[in-house]
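**Student:** Next up is a structure, given as structure tokens.
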Amino acid sequence: MSVKLQDVKRQFAAVFGREGLGAVRAPGRVNLIGEHTDYNDGFVLPIAIERDTVAVWARREDRTLRFVSREAKESAVVDLAGPVEKGEPKWGNYCKGVVAGLLKAGVELQGTDILLAGDVPLGGGLSSSASLEVATGLALLAAAGAGAGVGGKMEPYALAKICQKAEHEFAGAPCGIMDQAVAVLGQAGRAMLLDCRDGTVRQIPFDDPEVVVLVADTQVKHAISDGGYAARRDQCYAAAKKLGVKMLRDTDAAALAGAPGKQLNAVELKRARHVVGEIDRTLRAVGALEAGDYRAFGELMYASHISLRDDYDVSCEELDAIVASARECAGVYGARMTGGGFGGCAIVLVRQENADAAAGTIAGNFEKLFNRRPPVFATRAAAGAETLF
Ligand code: GLA
Numbered sequence: 010m011s012v013k014l015q016d017v018k019r020q021f022a023a024v025f026g027r028e029g030l031g032a033v034r035a036p037g038r039v040n041l042i043g044e045h046t047d048y049n050d051g052f053v054l055p056i057a058i059e060r061d062t063v064a065v066w067a068r069r070e071d072r073t074l075r076f077v078s079r080e081a082k083e084s085a086v087v088d089l090a091g092p093v094e095k096g097e098p099k100w101g102n103y104c105k106g107v108v109a110g111l112l113k114a115g116v117e118l119q120g121t122d123i124l125l126a127g128d129v130p131l132g133g134g135l136s137s138s139a140s141l142e143v144a145t146g147l148a149l150l151a152a153a154g155a156g157a158g159v160g161g162k163m164e165p166y167a168l169a170k171i172c173q174k175a176e177h178e179f180a181g182a183p184c185g186i187m188d189q190a191v192a193v194l195g196q197a198g199r200a201m202l203l204d205c206r207d208g209t210v211r212q213i214p215f216d217d218p219e220v221v222v223l224v225a226d227t228q229v230k231h232a233i234s235d236g237g238y239a240a241r242r243d244q245c246y247a248a249a250k251k252l253g254v255k256m257l258r259d260t261d262a263a264a265l266a267g268a269p270g271k272q273l274n275a276v277e278l279k280r281a282r283h284v285v286g287e288i289d290r291t292l293r294a295v296g297a298l299e300a301g302d303y304r305a306f307g308e309l310m311y312a313s314h315i316s317l318r319d320d321y322d323v324s325c326e327e328l329d330a331i332v333a334s335a336r337e338c339a340g341v342y343g344a345r346m347t348g349g350g351f352g353g354c355a356i357v358l359v360r361q362e363n364a365d366a367a368a369g370t371i372a373g374n375f376e377k378l379f380n381r382r383p384p385v386f387a388t389r390a391a392a393g394a395e396t397l398f
């Protein structure tokens, strides 16, 4: 964790005039492989990263929830006596959506003050919103005496679903389940294979000290509430319908080969080809990781990137440039865009001993092309959400 708990506790006291009673944290994520597969009932392989949102909380005497963010000026307020409604500030809608979901699930929320502080870059494709939602949910559950979620009365996956729904209904972002699920269930030193159809998880060892993940941020802002993401989703569903399957998870490359005859238009065919190929690559990547075959894993990352670029049309020149530079660096196994795309971050799987040099080359090449230096940091698979005190 890189947010300093002591600082957040001190700030809580300064803002609310009393001590915090508890604190939780929830991480951001990068996805190693399995992109745009979650809403097709496919497989994803994300890791939680060493960046998170910390929430310090204390109960209040009244029926008010007050959310203050260290990163934003305006606070968000919910009166538990009335309906929970969207509004300003925008960031508060993530919290309000979680409040609405917990109430709907029957949790008896208590008036609570919450101070949120995070170091997941906002809107940068590292799931700052999922980390905010999950931290909010765990803090509210703890304050309600309903257990701190993980190990508490609420099933972790149920909390992830509530957070996903908050995103749908309060932030207008029709996301899948990956980000919230790994924020809740991620484990240190593990990549999380999630079957997005039934929510089952297999934790795959990813703790080799000699290998690290670089995260390079294009700082091209992506917002999944913009139309591109929803359009992809619709195209996938349309393709599945025409193929006569429930979801693209239920078809395969052979069936797709005969698909033009089944009236898939050119765009739907490309989208379906990506999803089917990506699900297959994800499962093969797990095999490669389990065998310690980083070279094979890296090749699958490159293939994933090409498919996202050419068939799914969600990359951009900044992401492509990072992947192209990574390919030229010593010790790099693979690279790809991560997350929804249209900007955001690329990841690079690299040997630890080569990581600094690769980061320098990637940032330097990027600067030559785009006249600004992208932030690049290294991460390993971090722990999922937890109670801090
Ligand atoms: C965003 C969404 C996820 C997932 C990815 C693409 O991060 O929030 O649910 O769909 O895009 O894999």
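Going by my numbering, the sequence shown opens with residue 10, and the numbers climb by one from there.
All C-beta atoms, glycine included, are put in the ideal place defined by N, C-alpha and C.
Taking 8 Å as the cut-off, does the segment 22-29 touch the segment 279-299 (at least 3 CB pairs, one atom from each stretch)?
**Tutor:** Cβ pair count under 8 Å is below three, so no.
**Student:** Could you compute how far the alpha carbon of L141 sits from the alpha carbon of K113?
**Tutor:** Reading the sequence shown from its first residue, position 132 is the one you call residue 141. Reading the sequence shown from its first residue, position 104 is the one you call residue 113. Approximately 19 Å between the Cα atoms of the pair.
**Student:** To the nearest angstrom, how far is the alpha carbon of D47 from that of A249?
**Tutor:** What you label residue 47 is simply residue 38 of the sequence shown in a count that begins at 1. What you label residue 249 is simply residue 240 of the sequence shown in a count that begins at 1. Looking at the two C-alpha atoms, the distance is approximately 14 Å.
**Student:** By the three-class DSSP mapping on this structure, what secondary structure does G158 have?
**Tutor:** Stepping through the sequence shown from its first residue, residue 158 is reached at position 149. Residue placement at G158 cannot be trusted, given a pLDDT of 49 that sits under 50; what the coordinates show is reported in the next sentence. It is coil, neither helix nor strand.
**Student:** DSSP state of F375, grouped into three classes?
**Tutor:** Looking up residue 375 in the sequence shown gives position 366. Residue state, collapsed to three classes: helix.
**Student:** For the segment 314-331 and the segment 365-377, state whether three or more C-beta atom pairs, one from each stretch, are separated by less than 8 Å.
**Tutor:** The answer is yes - the segment 365-377 touches the segment 314-331, with three or more Cβ pairs under 8 Å.
**Student:** Nearest by alpha-carbon distance to D261: which of N274, V276 and R280 is it?
**Tutor:** Position 252 of the sequence shown holds residue 261. Of the listed residues, the one whose Cα sits closest to D261 is R280.
**Student:** Go ahead and label H177 buried or exposed: buried means 16 or more other beta carbons lie within 10 angstroms of its beta carbon, across all protein chains shown.
**Tutor:** Position 168 of the sequence shown, counted from the start, is the residue given in the question as residue 177. Answer is exposed; the Cβ neighbour count stays below 16.
**Student:** Starting from the C-beta of G160, find all residues in its chain whose C-beta is less than 6 Å away, skip the five residues before and the five after it, and write them out in chain order.
**Tutor:** The residue labelled residue 160 in the question sits at position 151 within the sequence shown. Because the pLDDT at G160 is just 45, under 50, the model does not fix this residue reliably, and the value given afterwards should be weighed accordingly. If we look at G160 and ignore the five residues flanking it on each side, it has no Cβ neighbours.
**Student:** Using the beta-carbon count (16 or more within 10 Å), is F398 buried or exposed?
**Tutor:** Working through the sequence shown from its first residue, we reach residue 398 at position 389. Exposed.
**Student:** For A364 versus V221, is the C-beta distance shorter than 9 Å?
**Tutor:** Within the sequence shown, residue 364 is the residue found at index 355, counting from 1. Within the sequence shown, residue 221 is the residue found at index 212, counting from 1. Yes; because the gap between Cβ atoms is below 9 Å, this pair is in contact.
**Student:** Under 5 Å, CB to any heavy atom of ligand 2. Which residues pass, going along the chain?
**Tutor:** In terms of ligand content, the structure shown lacks ligand 2 and carries ligand 1 instead.
**Student:** May I ask which residues mark the beginning and end of the beta strand (DSSP E) holding P384?
**Tutor:** Position 375 of the sequence shown holds residue 384. Note, P384: premise wrong, no beta strand (DSSP E); not H, not E.
**Student:** For R75 versus A152, is the C-beta distance shorter than 9 Å?
**Tutor:** Locating residue 75 in the sequence shown gives position 66, where the first residue counts as 1. Locating residue 152 in the sequence shown gives position 143, where the first residue counts as 1. It is not a contact, given that the beta carbons lie outside the stated cut-off.
**Student:** For the beta strand (DSSP E) that contains D88, what are its first and last residues?
**Tutor:** Taking the first residue of the sequence shown as 1, we reach residue 88 at position 79. Unbroken beta strand (DSSP E) run through D88: A85 to D88.
**Student:** Excluding the 5 residues preceding and the 5 following L298 in the sequence, name in chain order all residues of the same chain whose CB lies nearer than 7 Å to its CB.
**Tutor:** Walking along the sequence shown from the start, residue 298 turns up at place 289. Answer for L298: A200, I213, F215 and F306, listed in chain order.
**Student:** What are the boundary residues of the beta strand (DSSP E) that N40 is part of?
**Tutor:** The residue given as residue 40 occupies position 31 in the sequence shown. Start and end: G31 to N40.
**Student:** Where does T62 fall in DSSP's three states?
**Tutor:** The residue labelled residue 62 in the question sits at position 53 within the sequence shown. If DSSP states are grouped into helix, strand and coil, T62 belongs with the strands.
**Student:** State the Cα-Cα distance for the pair A225 and G91, rounded to the nearest angstrom.
**Tutor:** Along the sequence shown, read from residue 1 onward, the residue named residue 225 stands at position 216. Along the sequence shown, read from residue 1 onward, the residue named residue 91 stands at position 82. For A225 and G91, the distance between alpha carbons rounds to 43 Å.
**Student:** Using only CA atoms, which one of F379, G120, G349 and E219 lies nearest to R389?
**Tutor:** Within the sequence shown, numbered from 1, the residue matching residue 389 stands at position 380. Measuring from the Cα of R389, the nearest candidate turns out to be E219.
**Student:** Closest to G134 by C-alpha separation, out of L194, R304, S324 and M256, would be which residue?
**Tutor:** One-based indexing of the sequence shown puts residue 134 at position 125. When each option's Cα is compared against that of G134, the closest is S324.
**Student:** Considering Cα atoms alone, identify which of T370, D16 and G106 is closest to L125.
**Tutor:** Position 116 of the sequence shown, counted from the start, is the residue given in the question as residue 125. Looking at the Cα atoms, D16 is the closest of the given residues.
**Student:** Using DSSP with H/G/I as helix, E/B as strand and the rest coil, what is T370?
**Tutor:** Taking the first residue of the sequence shown as 1, we reach residue 370 at position 361. Note: T370 maps to helix in three-state DSSP.
**Student:** Thinking C-beta only, is H45 closer than 9 Å to V284?
**Tutor:** Here the question's residue 284 lines up with position 275 in the sequence shown. Here the question's residue 45 lines up with position 36 in the sequence shown. In contact: V284 and H45 (Cβ atoms closer than 9 Å).
**Student:** How would you label E80, buried or exposed, when you count the other beta carbons within 10 angstroms and need 16 or more for buried?
**Tutor:** The sequence position of residue 80 within the sequence shown is 71, counting from 1. Looking at its Cβ environment, which holds fewer than 16 other Cβ atoms inside 10 Å, E80 is exposed.
**Student:** Would you mind sorting L378 into buried or exposed? The rule is 16 or more other CB atoms within 10 Å of its CB.
**Tutor:** As a working note, residue 378 is residue 369 in the sequence shown. That one is exposed.
**Student:** Label Q272 either buried or exposed according to how many other C-beta atoms from any shown protein chain fall within 10 Å of its C-beta, with 16 as the threshold for buried.
**Tutor:** Residue mapping note: residue 272 aligns to position 263 of the sequence shown, counting from 1. By the 10 Å Cβ count, Q272 comes out exposed.
**Student:** Note down the Cα distance separating E59 from S11, rounded to an integer number of angstroms.
**Tutor:** Indexing the sequence shown from 1 puts residue 59 at position 50. Indexing the sequence shown from 1 puts residue 11 at position 2. Distance between the alpha carbons of E59 and S11 is about 7 Å.
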